[in-house]
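According to the numbering used here, the sequence shown is numbered sequentially starting from -4. Just so it is clear, CB atoms sit at the ideal spot from N, CA and C, and this is done for glycine as well. Here the structure comes first, spelled out in structure tokens, and everything after it is commentary.
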Amino acid sequence: MRSTGFPTSVLALAGLLLLGGPLSAQQGRITGRVLDAKTALPIASAQVFLEDQSVGTLSSIDGRYVLRDVPVGVQTVIVQMIGYGQKTITGVEVTDGGVAALDISLEGSAVDIAGITVAATVESGSTSALLYERRSEAVVVDAIGSEQISRSPDGDAAAALKRVPGLSVVDGKFAYVRGLGERYSSTTLNGAPLASPMPDRKVVPLDVIPSGLLESIVTAKSYSPDKPGDYAGGLVELRTKDFPKRRIFSVSASGGFNTVTTFEDGLRYGGGGLDFLGFDDGTRDLPGALPDNARVTFPNFSRPQLESLGESFSGDWG
């Protein structure tokens, strides 16, 4: 007797297909926007995820987000963003194949960080250091530092002082403040009064102090409690550089020309081959015919001998 029923394998496959449909549909979505609670502006790149962290995403530039494949049931959503307080939303109902709308507002929060201290050493003689000193002074002062002096061709303190306003240099070495005479001005070196090497004058000749030794030159035109009171015109404060903590090597070069003679034709003395270095290559040596340790005079030599000695000299005398 033959059986007319469906094969067992076909029935099993049909059962799996019928059961698989409803099982795969037990998911939904949560969508919405993340906004600033104060300005109502969208917040981009906010982290939105479920409490169990099985599903998560980031908000877009307009604050929108979509949580896909969210299991059916009551879910807890967590939102966090740098600069905002974390927010937790409970009781979000997700239905089978449905979409749960959830807009989230975040409150701004201050981020507490440890204090940051930036420490640096002021470079003495720099323009910025002298500007700060001028602002902090209680009286009117002018200053010039080693940074500015190094950019100028000044070779001594007197030449550098010509660049200070309200101060004039007389005879190339004496500093006069506000046009007053030497009896109304004083000069100090590193805070100590500087005596004049000239017995008949009070003012100090500043051309004896090389500018390369100076850190700064400060001129005060008013009295202050931290300065001596023996001046009425002004005080010139010379400050020398500190002893360097490391070896210093510097090279400088300069050039110049004369618009009247440079690259112009003219008469000149030929000289020797090393004249451009400041050395004589023997061109100016005395003739060998001249006797040593003897005066070339008429009593010591005859007239023909003197004529012979004269002819031994070069005829090119510049």
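*Apply the 10 Å Cβ neighbour rule to PHE169 and answer buried if 16 or more other Cβ atoms are within range, or exposed otherwise.*
The residue you call residue 169 lines up with position 174 of the sequence shown. Looking at its Cβ environment, which holds 16 or more other Cβ atoms inside 10 Å, PHE169 is buried.
*Identify every residue that forms a DSSP beta bridge with GLY68.*
In the sequence shown, counting from the first residue as 1, residue 68 sits at position 73. GLY68 is bridged to VAL89.
*Applying the criterion that 16 or more other CB atoms from any shown protein chain within 10 Å of the CB defines a buried residue, is PRO17 buried or exposed?*
Translated into the one-based positions of the sequence shown, residue 17 becomes position 22. With a pLDDT of 48 at PRO17, under the threshold of 50, the modelled position of that residue is not reliable, and the figure given next carries that caveat. PRO17 comes out exposed.
*Buried/exposed call for PRO200, threshold 16 Cβ in 10 Å*: Within the sequence shown, the letter at position 205 stands for residue 200. Per the 10 Å Cβ criterion, buried.
*Span of the beta strand (DSSP E), counted from its first residue to its last, around SER180*: The residue given as residue 180 occupies position 185 in the sequence shown. From DSSP, the beta strand (DSSP E) with SER180 extends over 180 to 184.
*Decide yes or no for the touch test of the segment 74 to 81 against the segment 38 to 55: beta carbon pairs closer than 8 Å, at least 3 of them.*
yes
*asked:* As a quick exercise: from VAL165, SER100, LEU233, pick the residue whose alpha carbon is nearest that of ASN185.
replied: The sequence position of residue 185 within the sequence shown is 190, counting from 1. When each option's Cα is compared against that of ASN185, the closest is LEU233.
*When we look at the beta-carbon of SER147 and count the other beta-carbons within 10 Å, is it buried (16 or more) or exposed?*
Start at 1 with the first residue of the sequence shown, and residue 147 comes out as number 152. Exposed: under 16 other Cβ atoms inside 10 Å.
*With distances taken Cα to Cα, identify the nearest neighbour of GLY25 among ASP270, LEU36, ASP64.*
As a working note, residue 25 is residue 30 in the sequence shown. In the sequence on display, residue 25 carries Ile and not Gly. Nearest option by C-alpha distance: ASP64.
_Along the chain, where does the alpha helix (DSSP H) containing ILE99 start, and where does it finish?_
Residue 99 sits at position 104 when you count from the first residue of the sequence shown. Segment 99 to 101 is the beta strand (DSSP E) holding ILE99; no alpha helix (DSSP H) there.
*Return the residue from the list THR278, SER245, GLY283 that minimises the CA-CA distance to LEU269.*
If you number the sequence shown from 1, residue 269 lands on position 274. Nearest of THR278, SER245, GLY283 to LEU269, Cα basis: THR278.
*Is it a yes or a no for the segment 116 to 123 touching the segment 132 to 146, going by three-plus beta-carbon pairs under 8 Å?*
yes
*For GLU142, name the three-state secondary structure that DSSP assigns.*
Here the question's residue 142 lines up with position 147 in the sequence shown. Here GLU142 sits in helix by DSSP.
*For TYR79, count neighbouring C-beta atoms within 10 Å of its own C-beta (all shown protein chains included) and say buried if the count is 16 or more, exposed if not.*
Working through the sequence shown from its first residue, we reach residue 79 at position 84. Answer is buried; the Cβ neighbour count reaches 16.
*Hey, could you find the ends of the beta strand (DSSP E) GLY51 is sitting in?*
Your numbering for residue 51 matches position 56 in the sequence shown. It spans 51 to 53 - the beta strand (DSSP E) in which GLY51 sits, taken as one unbroken run.
*Residues in its own chain within less than 8 Å of VAL134 by CB, not counting five upstream and five downstream?*
Position 139 of the sequence shown, counted from the first residue, corresponds to residue 134. So the qualifying residues of the chain are ALA215, LYS216, SER217, TYR218, SER219.
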